[in-house]
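From first to last, the protein sequence lines are chains A and B.
Using this note's numbering, read the first sequence as starting at 1 and increasing by one per residue.
Using this note's numbering, read the second sequence as starting at 1 and increasing by one per residue.
We put the beta carbon where it would ideally sit given N, CA and C, even for glycine.
The next block holds one structure in the form of structure tokens; read it before the comments.
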Amino acid sequence: MTAPRATGVPILRLGDVLVTGLLNELDDQSAVAFTDELTERIAGDGARGVLIDISRLEIIDSFVARTLMELTTMARLLGARVIVAGMRPAVAITLVELGLQLTGVETALNAEQGLTALGWHRMPRPPGEARRDAPR
Amino acid sequence: MTLHGEWLAGSELIAQRSAPTGAPATSGRTGGRTGTTGAAEPAAPAGGPGGTSRFNVASEEDLLTVRHAVRAATVEAGFGLVDQTRIVTAASELARNAYVHGGGGSLEIEMLTRGGRRGLRLTVRDDGPGIRDLDEALTDGFTTGSGLGHGLGGARRLMHEFQVHSVPGEGTTVVVARWNDR
Numbered sequence: 001m002t003a004p005r006a007t008g009v010p011i012l013r014l015g016d017v018l019v020t021g022l023l024n025e026l027d028d029q030s031a032v033a034f035t036d037e038l039t040e041r042i043a044g045d046g047a048r049g050v051l052i053d054i055s056r057l058e059i060i061d062s063f064v065a066r067t068l069m070e071l072t073t074m075a076r077l078l079g080a081r082v083i084v085a086g087m088r089p090a091v092a093i094t095l096v097e098l099g100l101q102l103t104g105v106e107t108a109l110n111a112e113q114g115l116t117a118l119g120w121h122r123m124p125r126p127p128g129e130a131r132r133d134a135p136r
Numbered sequence: 001m002t003l004h005g006e007w008l009a010g011s012e013l014i015a016q017r018s019a020p021t022g023a024p025a026t027s028g029r030t031g032g033r034t035g036t037t038g039a040a041e042p043a044a045p046a047g048g049p050g051g052t053s054r055f056n057v058a059s060e061e062d063l064l065t066v067r068h069a070v071r072a073a074t075v076e077a078g079f080g081l082v083d084q085t086r087i088v089t090a091a092s093e094l095a096r097n098a099y100v101h102g103g104g105g106s107l108e109i110e111m112l113t114r115g116g117r118r119g120l121r122l123t124v125r126d127d128g129p130g131i132r133d134l135d136e137a138l139t140d141g142f143t144t145g146s147g148l149g150h151g152l153g154g155a156r157r158l159m160h161e162f163q164v165h166s167v168p169g170e171g172t173t174v175v176v177a178r179w180n181d182r
């Protein structure tokens, strides 16, 4: 398996923010490939912010933690701010017990709050439109 | 923190160094991988077909397979979500160690019951170069590979029981267990 392989992880662009997520099935090679792809996209798209949704990760071991920390540092060197969003509570507990604090990695409770931190806000609804969800 | 309390209360934590020969077999698991279960300890298979299953750890795909298998076993043993996550994470660290540092190995999952409690024991073996300095290897931040150096020490903190047998040049065996307190 020496051929370069696609990570299969979509990276969406919203203005100057890249939005992506990690899948639970991420293996080591894919993690490295994802790092390469994302840094290239940051440089190529001139992104100023990156949101990485990790709500599907059922575990974060030291390898994945290292990947996230390195990604954050690389992005920062490229002028982009990374927010890791949606960590599961059980994962947070385990990470701390493992001795990993994801030092330097900015986090948010969920993708929405992460995007808000990166400057994205809900559009006010046009007047007259039926409200589909409760106001915040 | 509950972690710390469990840790001290457990008092089953053993960081056993590789005594030359005849190391005390506290876990009843020395050698003989397919042999009978150690009689020293009532570790009967609990529920499900076959209390013990063994997996090779020779590729990255194997790491994922092992994770799935361990997850399924934790569910079967009735562990809660946080414990499931602890055990799968520990398994991932140990399996990766065997794969990266040991050049491949195996992971064995055993269902345990003792005094009405259920538990899970993982035995991770490799035939790699062994661990030269166990204290060093258990120190957070010490790494010879691509991780963060929290693998072995982290796995120890995530589990109730922990043993390492390592002989330089012959390989490493790590045995960990966690009991279900629910």
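- Uninterrupted beta strand (DSSP E) stretches at least 3 residues long and entirely within the stretch 91–179 of chain B occur at 105–114, 117–126, 161–167 and 171–179, given in chain order.
- Every alpha helix (DSSP H) stretch that sits fully inside the stretch 52–91 of chain B and reaches 4 residues is listed by chain position as 60–76.
- The DSSP assignment places 62–77 and 89–98 as complete runs of the alpha helix (DSSP H) inside the stretch 61–100 of chain A, in order along the chain (cut-off: 4 residues).
- The beta-carbon distance between valine 174 of chain B and valine 167 of chain B, rounded to whole angstroms, is 13 Å. This is too long to meet the 8 Å contact definition.
- A Cβ of chain B is located within less than 8 Å of the beta carbon of threonine 94 of chain A.
- Taking 8 Å as the cut-off, the Cβ atoms of leucine 118 of chain A and isoleucine 93 of chain A do not count as close.
- Identification of chain A residues near arginine 157 of chain B by a Cβ-Cβ cut-off of 9 Å yields Glu97, Leu98 and Gly99, ordered along the chain.
- Within chain B, the residues whose beta carbon sits less than 8 Å from that of valine 91 of chain A are Thr85, listed in sequence order.
- Within its own chain, the residues whose Cβ lies closer than 8 Å to the Cβ of threonine 39 of chain A, once the five positions on either side in sequence are excluded, are Leu71, Met74, Ala75 and Leu78, listed in chain order.
- Residue contact with chain B for glutamine 29 of chain A: present (Cβ-Cβ distance below 8 Å to some residue of chain B).
- Following the DSSP letters along the chain, one finds glycine 21 of chain A inside the beta strand (DSSP E) bounded by residues 17–21.
- Around isoleucine 59 of chain A, the beta-carbon contacts reaching into chain B at under 8 Å are Arg67, Thr85, Val88, Thr89 and Ser92.
- In the structure shown, alanine 108 of chain A falls within a strand segment according to DSSP collapsed to helix, strand and coil.
- Here DSSP, grouped into helix, strand and coil, assigns glycine 49 of chain A to strand.
- Linking isoleucine 54 of chain A to valine 9 of chain A through their CA atoms gives a straight-line distance of about 12 Å.
- Distances from the CA of leucine 12 of chain A to each of A/Thr103, A/Gln101 and A/Leu51 were compared; the closest alpha carbon is that of A/Leu51.
- At a cut-off of 8 Å between beta carbons, phenylalanine 34 of chain A makes no contact with chain B.
- Collapsing the DSSP output to three states places leucine 115 of chain A in a helix.
- Straight-line measurement puts the Cα of glycine 105 of chain B at about 9 Å from the Cα of phenylalanine 55 of chain B.
- Residue contact with chain A for glutamate 60 of chain B: present (Cβ-Cβ distance below 8 Å to some residue of chain A).
- Using a 10 angstroms sphere on the CB of asparagine 97 of chain B, the tally of other CB atoms reaches 16 or more, which defines it as buried.
- The beta carbon of alanine 111 of chain A sits closer than 7 Å to the beta carbons of Leu51, Asp53, Ala85 and Gly86 from its chain, once the five residues preceding and following it are set aside; these are given in chain order.
- Judged by beta-carbon spacing, arginine 41 of chain A lies within the 8 Å limit of leucine 18 of chain A, meaning their Cβ atoms are closer than that value.
- Within the model, the alpha-carbon separation for valine 66 of chain B versus asparagine 180 of chain B is close to 20 Å.
- Between valine 64 of chain A and alanine 108 of chain A, the beta carbon gap of about 18 Å keeps them out of contact (Cβ cut-off 8 Å).
- Pairing alanine 95 of chain B with leucine 81 of chain B, the inter-Cα distance amounts to about 21 Å.
- Between the beta-carbon of aspartate 61 of chain A and that of threonine 89 of chain B there is about 5 Å, and that keeps the pair under the 8 Å contact cut.
- Interface residue (Cβ-Cβ distance to chain B less than 8 Å): serine 55 of chain A is not classified as such.
- Within the same chain, Asn180 come within 6 Å of phenylalanine 79 of chain B by CB-CB distance, once the 5 residues on both sides are set aside.
- In the three-state reduction of the DSSP assignment, arginine 56 of chain A falls in the coil class.
- For arginine 13 of chain A, the enclosing beta strand (DSSP E) stretches over residues 11–14.
- Against chain A, the beta carbon of valine 82 of chain B has neighbours under 9 Å at Pro89, Ala90, Ile93 and Thr94, listed in chain order.
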